[in-house]
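Peer 1: Attaching a single structure in structure tokens format; questions to follow.
In the working numbering, the protein residues as written are 1 to 548.
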């Protein structure tokens, strides 16, 4: 009998422990959320905290001097005057806009080659894409309804409807063989406006972040630093964007002792990279815009991810913060914080789903060594390009020229972290490279990393179109820093770049042109300037074959 009583007691204790754990980890958080929702007036996510006086800035409710890692501090009273001065300088050439004059230049009006002939040159078939997106919207409505029923929440909001005229849909349908959008497309401006103003309806980790949850196997994804965070925000029109929060002040430079793979990811670098890509007429960076996001209302209150909900906290300075749920990142010093709720960030439009438009991820031939010691072959072999030219697909298509375009772009922004590039499989070897993930650019304006230009200096090849655009941007009437300054004024978070970063663009542009001139002097213009959309100079291919 005593043994039987002990068994019953142990069983009761075990059941009690299981119930307590279930209540603590599952039931109690839901009760807390419902209590918060019931006690908060509609449209007031901050009612549980002291609100600043009407008309006072958001930062007035806390002392910025005591807010550790509060990355959204006010930028001072002198900026409106500085911004106006920059706008005046940008448009003083003859009283007009240098940016508008640049886009009106004949170089930006030349028809793309080869011409678009039919549906095979478009990335998506419109009827198929619209059917796919309608199924996605219907699935989202079902899941949203089930989620609210599970929490006993009522909603008067009607189900979402897919609008074919939505800017993100038109952006997807407009992608073709030549780029992500056309220079004259009005869709991009509308997409930037919508991402800046539309309310969010859901927030979640990206697929990369989800793959790292728990075990955080960093061999899956090149992310050894563990000090950045990305989220997927969905808007009321069902469009989707990647959100990268602010982690570094504008005037901060990356310390010289930092390795490129442990550098911060900067939201303003993503914004500036999109504008530079458009000015260079590459059109290979997805549209990106800056936005002040209310992390409480637009992330915490709309996410269904319980892990994401669990990493929000209030800092000692009464700022709402959150961090990534990962063993090497589960620390408040890696958090990003609002001020007290508003947080700067970049929003990059998502590309079409891989189910609709598969993409190929290819290692960069000039990939760097992601270790504290050691070098790749291209870093020690000045004739490395001769080897690359013998390898498919770099020996027969314009892929190598596209890689050199990418290196020029990365050199201008100072990005050393281009380990892979992506392409749409539909367009084959002649397709353009997509310039994704540019957040590690614009880290050091005082240093020009010449090794980023190795594809250009080792191969001594460049597209004629790219070379002409670079020469144009070196002229005083179209100076690169001026048109970039003017273009970035359109963004809500302006000034996106500090003046030293803008001036560094002009300096780096001169280095690129000097490199090309040195190649022409050594090999002749006919070998260096590739006059054709999809072939390398025949002499360069012949030289590669002789080398083999």
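For glycine and all other residues, C-beta sits at the position ideal for the given N, C-alpha and C.
Bear in mind the structure is a predicted one, so any value in this text is a computation, not a measurement.
Quick one: grab the DSSP three-state call for residue 272.
Peer 2: Taking the first residue of the chain shown as position 1, residue 272 is located at position 272. Helix.
Peer 1: For the beta strand (DSSP E) containing residue 244, name the first residue and the last one.
Peer 2: Taking the chain shown and counting its residues from 1, the one referred to as residue 244 is at position 244. Here the beta strand (DSSP E) through residue 244 covers 240-245.
Peer 1: As a quick exercise: from 368, 457, 439, pick the residue whose alpha carbon is nearest that of residue 383.
Peer 2: Translated into positions along the chain shown, residue 383 becomes position 383. It is 457.
Peer 1: At which residues does the alpha helix (DSSP H) containing residue 171 begin and terminate?
Peer 2: For the purposes of this step, residue 171 is taken as residue 171 along the chain shown, with counting starting at 1. 167-173 is the span of the alpha helix (DSSP H), which, as asked, contains residue 171.
Peer 1: When DSSP labels each residue in this structure, what does residue 200 get in the three-state scheme?
Peer 2: Here residue 200 corresponds to residue number 200 of the chain shown, with the count starting at 1. Looking at residue 200 - three-state DSSP - the assignment turns out to be strand.
Peer 1: Output the distance between the C-alpha atoms of residue 344 and residue 478, rounded to the nearest integer angstrom.
Peer 2: Translated into positions along the chain shown, residue 344 becomes position 344. Translated into positions along the chain shown, residue 478 becomes position 478. Answer to the nearest angstrom: the Cα atoms are 30 Å apart.
Peer 1: Does DSSP classify residue 139 as helix, strand or coil?
Peer 2: Position 139 of the chain shown, counting from 1, holds the residue named residue 139. Looking at residue 139 - three-state DSSP - the assignment turns out to be helix.
Peer 1: Can you find the residues in the same chain that come closer than 8 Å, C-beta to C-beta, to residue 253, ignoring five residues on each side of it along the sequence?
Peer 2: Within the chain shown, residue 253 is the residue found at index 253, counting from 1. Within the same chain, residue 253 has close Cβ partners 443, 444, 445, 446.
Peer 1: Could you spell out the range, first to last residue, of the alpha helix (DSSP H) harbouring residue 294?
Peer 2: The residue given as residue 294 occupies position 294 in the chain shown. Run containing residue 294: none in the alpha helix (DSSP H); it sits in the beta strand (DSSP E), 288-294.
Peer 1: For the pair the stretch 303-322 and the stretch 265-282, tell me if three or more CB-CB distances fall below 8 Å.
Peer 2: Contact between the stretch 303-322 and the stretch 265-282 is absent, because fewer than three Cβ pairs lie under 8 Å.
Peer 1: Go to residue 235, then tell me how far its beta strand (DSSP E) extends in each direction, as first and last residue.
Peer 2: Walking along the chain shown from the start, residue 235 turns up at place 235. Where residue 235 is concerned, the enclosing beta strand (DSSP E) stretches over 231-235.
Peer 1: Candidates 128, 482, 312: which alpha carbon is nearest residue 164's?
Peer 2: As a first step, residue 164 must be located in the chain shown, where it is residue number 164. For the residues 128, 482, 312, the minimum Cα distance to residue 164 belongs to 128.
Peer 1: Any contact of the stretch 175-187 with the stretch 97-116, i.e. 3+ C-beta pairs under 8 Å?
Peer 2: With the cut-off at 8 Å, the stretch 175-187 and the stretch 97-116 touch.
Peer 1: Excluding sequence positions up to five away, which residues of its chain have a Cβ less than 7 Å from the Cβ of residue 185?
Peer 2: Position 185 of the chain shown, counted from the first residue, corresponds to residue 185. So the list reads 174, once near-sequence residues are dropped.
Peer 1: Could you give the residue range of the alpha helix (DSSP H) that holds residue 403?
Peer 2: Taking the first residue of the chain shown as position 1, residue 403 is located at position 403. Element bounds for residue 403: 399-413.
Peer 1: To the nearest angstrom, how far is the alpha carbon of residue 88 from that of residue 309?
Peer 2: As a first step, residue 88 is located in the chain shown; it is residue number 88 there, counting from the start. As a first step, residue 309 is located in the chain shown; it is residue number 309 there, counting from the start. Note that residue 88 scores 41 on pLDDT, short of 50, meaning its location in the model is unreliable; the coordinates nonetheless yield the value given after this. So the two alpha carbons sit approximately 45 Å from each other.
Peer 1: Within 8 Å, do at least three Cβ pairs link the stretch 488-498 to the stretch 283-295?
Peer 2: A contact exists between the stretch 283-295 and the stretch 488-498.
Peer 1: Determine the DSSP secondary structure at residue 461, reduced to helix, strand or coil.
Peer 2: Residue numbering aside, residue 461 sits at position 461 when the chain shown is read from its first letter. Of the three classes helix, strand and coil, the one that applies to residue 461 here is coil, per DSSP.
Peer 1: If we call anything under 8 Å between Cβ atoms a contact, is residue 200 one with residue 235?
Peer 2: Within the chain shown, numbered from 1, the residue matching residue 200 stands at position 200. Within the chain shown, numbered from 1, the residue matching residue 235 stands at position 235. In this structure, residue 235 lies closer than 8 Å to residue 200 by Cβ.
Peer 1: Could you check what DSSP says for residue 133 in three-state terms: helix, strand or coil?
Peer 2: Mapped onto the chain shown, residue 133 falls at position 133. Residue state, collapsed to three classes: helix.
Peer 1: Roughly how many angstroms lie between the CA atoms of residue 528 and residue 130, to the nearest whole one?
Peer 2: Walking along the chain shown from the start, residue 528 turns up at place 528. Walking along the chain shown from the start, residue 130 turns up at place 130. Distance between the alpha carbons of residue 528 and residue 130: 44 Å.
Peer 1: Give the secondary structure of residue 108 by DSSP, where H, G and I count as helix, E and B as strand, and everything else as coil.
Peer 2: Residue 108 sits at position 108 when you count from the first residue of the chain shown. Of the three classes helix, strand and coil, the one that applies to residue 108 here is helix, per DSSP.
Peer 1: Spatial neighbours of residue 7 within its chain, please: C-beta separation below 8 Å, excluding the five flanking residues on both sides.
Peer 2: Counted from its first residue, the chain shown places residue 7 at position 7. Counting only Cβ-Cβ distances below 8 Å, and skipping sequence neighbours, we find nothing.
Peer 1: Nearest-angstrom Cα distance between residue 140 and residue 134?
Peer 2: Within the chain shown, the letter at position 140 stands for residue 140. Within the chain shown, the letter at position 134 stands for residue 134. Rounded to whole angstroms, residue 140 to residue 134 spans 10 Å at the Cα level.
Peer 1: Shortest alpha-carbon distance to residue 167 belongs to which of 298, 341, 351, 299?
Peer 2: If you number the chain shown from 1, residue 167 lands on position 167. The shortest C-alpha separation from residue 167 is found at 351.
Peer 1: Given residue 598, which residues of its chain have a CB within under 7 Å of its CB, disregarding the five upstream and five downstream residues?
Peer 2: The structure shown has nothing for residue 598, since the chain only spans 1 to 548.
Peer 1: Output yes or no for whether 8 Å exceeds the beta carbon distance between residue 231 and residue 203.
Peer 2: Translated into positions along the chain shown, residue 231 becomes position 231. Translated into positions along the chain shown, residue 203 becomes position 203. A contact, by the Cβ cut-off of 8 Å.
Peer 1: What does the alpha-carbon distance come out to for the pair residue 19 and residue 152?
Peer 2: On the chain shown, position 19 is the one that residue 19 refers to. On the chain shown, position 152 is the one that residue 152 refers to. Going by the C-alpha atoms only, they are around 22 Å apart.
Peer 1: Alpha carbon to alpha carbon, how far is residue 98 from residue 109?
Peer 2: Taking the chain shown and counting its residues from 1, the one referred to as residue 98 is at position 98. Taking the chain shown and counting its residues from 1, the one referred to as residue 109 is at position 109. Answer to the nearest angstrom: the Cα atoms are 16 Å apart.
Peer 1: Quick one: measure Cβ to Cβ for residue 388 and residue 365, integer angstroms, because I've assumed they're closer than 8 Å.
Peer 2: For this step, residue 388 is matched to residue 388 along the chain shown. For this step, residue 365 is matched to residue 365 along the chain shown. With a Cβ gap of about 5 Å, residue 388 and residue 365 count as contacting.
Peer 1: I'd like the list of long-range same chain contacts for residue 191, defined as Cβ closer than 7 Å, with 5 residues on each side in sequence excluded.
Peer 2: To locate residue 191, count along the chain shown from 1; it is residue 191. Hits under 7 Å: 167, 168, 171, 287, 349.
Peer 1: Do you know whose CA, among 497, 475, 455, 474, lies nearest residue 519's CA?
Peer 2: Taking the chain shown and counting its residues from 1, one reaches residue 519 at position 519. The candidate whose alpha carbon is nearest that of residue 519 is 455.
Peer 1: What is the residue span of the alpha helix (DSSP H) that residue 500 lies within?
Peer 2: Along the chain shown, read from residue 1 onward, the residue named residue 500 stands at position 500. Start and end: 499-523.
Peer 1: List the residues that DSSP assigns as beta-bridge partners of residue 345.
Peer 2: Locating residue 345 in the chain shown gives position 345, where the first residue counts as 1. Bridge partners of residue 345: 245, 291.
Peer 1: According to DSSP, simplified to helix, strand and coil, what is residue 428?
Peer 2: Within the chain shown, numbered from 1, the residue matching residue 428 stands at position 428. Helix at residue 428.
Peer 1: Determine the DSSP secondary structure at residue 45, reduced to helix, strand or coil.
Peer 2: Taking the chain shown and counting its residues from 1, one reaches residue 45 at position 45. Note that residue 45 has pLDDT 37, beneath the 50 cutoff, so the model's placement of it is unreliable and no number is given.
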